[in-house]
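Trainee:
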Amino acid sequence: MTTLAMDAPDYPIAIEGVTKSFGGVEVLRGVDLELRPGEIMGLVGRNGVGKSTLAAVLAGSLTADAGSAHYAGAALEPWQVSIIEQQLRLDPTLNVAEAMFRQSDVQHLPEAEVMAAARRALIEAGSALDPEDRLGDLQESDRRLVEVVRLLADPRQLMIIDEVSTTFNARETEDLRFAARRATGGHRSILFITHRLDEALDLCDRIAVMRDGKVVEVVSSLTATTESLSEAMFGRVVTLRPRSAPVSATSLLSVTGLDVGGEQPVSFDLHEGEVLGLCGARDSGVSELVHALTGDTPLPVAGITLEGEAVTLASPWDASRLRIGVLAGAADRGSDTYFARNLMMLDDPAQEDYDAQVEDTAAILVAFREADEQASRLFNRPALSVGQRRWRELRELAAEHSRMLILIEPTRGMDLSAREEFTALLNEVTGRGVGVLVLASDESELLLLSDRILVLAHQQVAAEWNPIDVTVEQLAEVTRGEWPPTR
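Counting in the UniProt record's numbering, the sequence shown runs from 1 upward without gaps.
1) Rounded to whole angstroms, how far is the Cβ of V260 from the Cβ of Q459, which I believe are closer than 8 Å?
2) How is the beta strand (DSSP E) around I123 delimited, first residue to last?
3) Within 10 angstroms of the Cβ of R321, are there 16 or more other Cβ atoms? Answer buried if so, exposed if not.
4) Among residues of its own chain, excluding the 5 on either side of A56, which ones have a beta-carbon nearer than 7 Å to its beta-carbon?
5) Rounding to the nearest angstrom, what Cα-Cα distance links residue 510 and A128 in this structure?
6) Go ahead and label G42 buried or exposed: buried means 16 or more other beta carbons lie within 10 angstroms of its beta carbon, across all protein chains shown.
7) Please return the same chain residues whose Cβ sits closer than 6 Å to the Cβ of D332, not counting the five positions on each side in sequence.
8) Less than 9 Å separating the beta-carbons of V436 and M414?
9) Within a Cβ cutoff of 8 Å, which residues of the same chain sit near A319, ignoring the five residues on either side of it in sequence?
10) Of the residues E307, I161 and L407, which one's Cα is nearest the Cα of Y338?
11) Less than 6 Å between C-beta atoms, sequence neighbours within five positions excluded: which residues of the same chain meet that for E217?
12) Which of the three DSSP states, helix, strand or coil, is assigned to H70?
13) Mind reading off the beta-carbon distance from Q357 to M345? Whole number of angstroms is fine, and I expect it under 8 Å.
14) Who are the near neighbours of I161 in its chain, counting only those whose CB is closer than 6 Å to its CB and skipping five residues on each side?
15) Helix or strand or just coil, what does DSSP make of D7?
16) Thinking C-alpha only, which one of G45, G136, E113 and M159 is nearest L35?
17) In whole angstroms, what is the alpha-carbon distance linking D283 and P265?
18) Would you mind giving the Cβ-Cβ distance between L365 and D336, rounded to the nearest angstrom? I have them listed as a contact below 8 Å.
19) Just the C-alpha distance for S104 and E147, rounded to the nearest angstrom, thanks.
20) Express the C-alpha separation of A371 and A457 in angstroms, rounding to a whole number.
21) Keeping to the same chain, check which residues put their C-beta closer than 7 Å to that of H70; ignore five residues upstream and five downstream.
22) Report the three-state DSSP secondary structure of N95 (helix, strand or coil).
23) From L58 to L446, what does the alpha carbon distance come to, in whole angstroms?
24) Could you say if the stretch 112–130 and the stretch 219–239 meet the contact criterion of at least three C-beta pairs nearer than 8 Å?
25) List in chain order: all unbroken beta strand (DSSP E) runs of 3+ residues lying wholly within the stretch 180–248.
26) Is R432 buried or exposed, if buried means 16 or more other CB atoms sit within 10 Å of its CB?
27) Whole angstroms is fine: what's the gap from R369's alpha carbon to T411's?
28) Rounded to the nearest angstrom, how far is the Cβ of A99 from that of L90, given a contact under 8 Å?
29) Start and end of the alpha helix (DSSP H) containing R452?
30) Out of G30, S267, F178 and R392, which one is the CA nearest neighbour of E16?
31) Looking at the structure shown, is V326 part of a helix, part of a strand, or coil, going by DSSP?
32) For chain D, is any of its Cβ atoms less than 9 Å away from the one on L58?
33) What are the start and end residues of the beta strand (DSSP E) that includes A14?
34) Measuring CB to CB, does residue 518 end up less than 9 Å from V255?
35) How big is the Cα-Cα spacing for G262 and S402?
36) Please classify G273: is it buried, with 16 or more other beta-carbons within 10 angstroms of its beta-carbon, or exposed?
Structure follows, in structure tokens:
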């Protein structure tokens with residue numbers, strides 16, 4: 001199998017004066033940055049500042065207008081760079097091994113040898129995935145972990161990780177940290193792009209801050225703080241505070257006896273104006289609960305009432321008819337389908353036409369997004385960042401006449417300032433009496449957003465917590481599958 005030598009000399013990667021404009025908009029304005037061998041360099045900055053544009057230039061998918069990147073006295077070539085992009089577009093028919101080695105020259109090797117190499121890399125990274133698992137059968141977080149393991153199996157001199165951990169829980173974040181440290185053990189460098197400043201401080205050796213298209217500061221993670229990083233990014237200290245909004249005692253949604261696979265069925269209430277956080281490990285039943293309430297996967301249930309009226313939630317049409325809005329995932333076909341369903345809430349569609357209308361609307365949304373991306377390349381203009389698109393979708397969803405919202409990873413891809421605005425938007429929505437269910441992998445975010453947290457373990461309700469009485473560490477233990485928590 002063809003890999004790069006692991007005993008290369010300790011040369012830094014030098015990025016000098018890189019500029020990139022789209023039409024008349026200058027996105028990169030002379031980026032200078034040096035990555036040391038064996039270093040994990042964090043890259044932070046507000047949405048649209050050019051982080052992903054810089055990554056695309058280094059990976060060779062975009063051409064810089066000026067500037068250069070060098071390694072060992074020569075130009076850094078695209079074949080020396082591997083990247084995990086923020087938006088995964090992997091062929092769902094590939095198995096794990098095929099995905100891991102899709103950029104490697106392995107066609108001449110026996111399949112058994114490729115599978116064995118993949119299995120070794122997975123074991124080395126501490127992953128329980130099987131090389132023969134199909135990507136289409138995996139959760140998104142597992143597909144992202146496959147990409148992380150690819151860094152170990154297909155080493156390049158520079159590895160770029162662009163917002164890969166946005167849906168990772170505590171255990172998966174630990175897997176990422178382990179794999180990243182193993183990957184840099186051969187004197188290679190990692191450029192780690194993230195909006196989670198605490199994650200950057202924990203994982204990275206140094207952190208580069210981008211502002212106005214330039215790197216304005218490079219700091220040691222040993223001396224930096226989230227406050228100093230946010231001030232460098234925005235010109236002010238951005239502090240996310242727990243939301244404080246009154247919650248009605250009136251029940252909006254009441255679920256009784258929902259069977260998600262545990263010994264005891266799930267029962268709970270969501271009150272008017274309340275944000276109810278959902279917390280649990282991947283196999284806790286949280287996903288099954290959410291998909292039952294979106295109508296995607298109907299489950300046996302004793303009863304559901306919405307605003308005191310007994311209702312049926314047996315299909316996505318039911319969710320739209322009942323004006324239950326859903327925001328889920330990144331910019332992909334799945335989230336487009338949910339967004340199309342949200343639009344259907346205003347039209348009161350007939351049941352027999354619903355699926356076809358949703359499919360047609362989702363196809364139009366996909367076409368618009370792909371046209372925007374194509375126009376960005378063709379006419380050399382910037383497209384909206386993932387965080388910017390996310391914010392626009394949230395505002396549009398909040399403007400709809402929803403009775404209830406289900407938000408899955410709602411601030412994914414958003415910078416601190418946008419998350420601050422999101423909290424204000426959430427307060428505005430709940431102030432109208434809308435109830436909100438939130439599922440977020442970021443434990444600190446779940447504490448900040450929630451009025452109450454419903455904990456699931458072993459496919460049943462294990463606890464109800466007041467956020468002021470629990471810690472991030474306790475939530476992290478829950479998402480790792482450790483119940484009851486020890487702290």
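In this text, a Cβ means the ideal position worked out from N, Cα and C, and glycines have one as well.
Mentor: The short version:
1) The count along the sequence shown starts at 1 and reaches residue 260 at position 260. The count along the sequence shown starts at 1 and reaches residue 459 at position 459. Approximately 5 Å separates the beta-carbon atoms of V260 and Q459; this is inside 8 Å, confirming the contact.
2) Position 123 of the sequence shown, counting from 1, holds the residue named residue 123. According to the DSSP assignment, I123 belongs to no beta strand (DSSP E) but to the alpha helix (DSSP H) extending over E111 to E124.
3) Mapped onto the sequence shown, residue 321 falls at position 321. Classification of R321: buried, given that the 10 Å Cβ count is 16 or more.
4) Counted from its first residue, the sequence shown places residue 56 at position 56. Correct list, in chain order: L62.
5) Absent from the model: residue 510. The displayed extent of the chain is 1 to 487, so no value can be given.
6) Numbered from its first residue, the sequence shown carries residue 42 at position 42. Counting the other CB atoms within 10 Å of its CB gives G42 a total of 16 or more, which places it among the buried residues.
7) Residue 332 sits at position 332 when you count from the first residue of the sequence shown. Legend: pLDDT at D332 = 47, less than 50; position of this residue unreliable, no value from coordinates given.
8) Along the sequence shown, read from residue 1 onward, the residue named residue 436 stands at position 436. Along the sequence shown, read from residue 1 onward, the residue named residue 414 stands at position 414. Taking a C-beta distance under 9 Å as the contact criterion, V436 and M414 do not qualify as a contact pair.
9) Locating residue 319 in the sequence shown gives position 319, counting from the first residue. For A319, where only same-chain residues beyond five positions count, the Cβ hits under 8 Å are L293, T294, G295, L313, V326 and R341.
10) Your numbering for residue 338 matches position 338 in the sequence shown. Of the candidates E307, I161 and L407, the one whose C-alpha sits nearest the C-alpha of Y338 is L407.
11) One-based indexing of the sequence shown puts residue 217 at position 217. Result list for E217: V209 and A232, in chain order.
12) The residue you call residue 70 lines up with position 70 of the sequence shown. Annotated three-state conformation of H70 is strand, per DSSP.
13) The residue labelled residue 357 in the question sits at position 357 within the sequence shown. The residue labelled residue 345 in the question sits at position 345 within the sequence shown. Q357 to M345, Cβ: 12 Å. No contact.
14) Here residue 161 refers to the residue found at position 161 of the sequence shown. Within the same chain, I161 has close Cβ partners I84 and F192.
15) The residue you call residue 7 lines up with position 7 of the sequence shown. Any answer about D7 is weak, because its pLDDT of 45 lies below 50 and its placement is not dependable; what the coordinates show is given next. Three-state result, D7: coil.
16) Within the sequence shown, residue 35 is the residue found at index 35, counting from 1. Looking at G45, G136, E113 and M159, the one whose alpha-carbon comes closest to that of L35 is M159.
17) Sequence index remark: in the sequence shown, residue 283 carries index 283 (1-based). Sequence index remark: in the sequence shown, residue 265 carries index 265 (1-based). When rounded, the distance between both Cα atoms is 15 Å.
18) As a first step, residue 365 must be located in the sequence shown, where it is residue number 365. As a first step, residue 336 must be located in the sequence shown, where it is residue number 336. Contact holds; Cβ gap of about 4 Å.
19) The count along the sequence shown starts at 1 and reaches residue 104 at position 104. The count along the sequence shown starts at 1 and reaches residue 147 at position 147. Whole-angstrom Cα-Cα distance: 13 Å.
20) For the purposes of this step, residue 457 is taken as residue 457 along the sequence shown, with counting starting at 1. For the purposes of this step, residue 371 is taken as residue 371 along the sequence shown, with counting starting at 1. Rounded to the nearest angstrom, the gap between the Cα atoms of A457 and A371 is 43 Å.
21) Translated into positions along the sequence shown, residue 70 becomes position 70. Result list for H70: A14 and L76, in chain order.
22) Within the sequence shown, numbered from 1, the residue matching residue 95 stands at position 95. In this structure, N95 counts as strand in the three-state DSSP scheme.
23) As a first step, residue 58 must be located in the sequence shown, where it is residue number 58. As a first step, residue 446 must be located in the sequence shown, where it is residue number 446. Rounded to whole angstroms, L58 to L446 spans 35 Å at the Cα level.
24) Remark: fewer than three beta-carbon pairs, one from each stretch, lie closer than 8 Å, so the stretch 112–130 and the stretch 219–239 are not flagged as touching.
25) Listed in chain order, the beta strand (DSSP E) elements of length 3 or more contained wholly in the stretch 180–248 are 189–193, 206–211 and 214–220.
26) The count along the sequence shown starts at 1 and reaches residue 432 at position 432. The residue is exposed, with fewer than 16 neighbouring Cβ atoms inside 10 Å.
27) Taking the first residue of the sequence shown as 1, we reach residue 369 at position 369. Taking the first residue of the sequence shown as 1, we reach residue 411 at position 411. About 19 Å.
28) In the sequence shown, residue 99 corresponds to position 99, counting from 1. In the sequence shown, residue 90 corresponds to position 90, counting from 1. Contact between A99 and L90 holds, since their C-beta atoms are separated by about 6 Å, short of 8 Å.
29) In the sequence shown, the residue the question calls residue 452 occupies position 452. Segment R452 to A457 is the beta strand (DSSP E) holding R452; no alpha helix (DSSP H) there.
30) In the sequence shown, the residue the question calls residue 16 occupies position 16. Distances from the alpha-carbon of E16 to those of G30, S267, F178 and R392 put G30 closest.
31) Walking along the sequence shown from the start, residue 326 turns up at place 326. Strand at V326.
32) Here chain D cannot be found, since the structure has a single protein chain.
33) Indexing the sequence shown from 1 puts residue 14 at position 14. Where A14 is concerned, the enclosing beta strand (DSSP E) stretches over I13 to F22.
34) For residue 518 there is no data in the structure shown, the boundaries of the chain being 1 and 487.
35) If you number the sequence shown from 1, residue 262 lands on position 262. If you number the sequence shown from 1, residue 402 lands on position 402. Distance between G262 and S402, taken at the CA atoms: about 31 Å.
36) Residue numbering aside, residue 273 sits at position 273 when the sequence shown is read from its first letter. G273 comes out buried.
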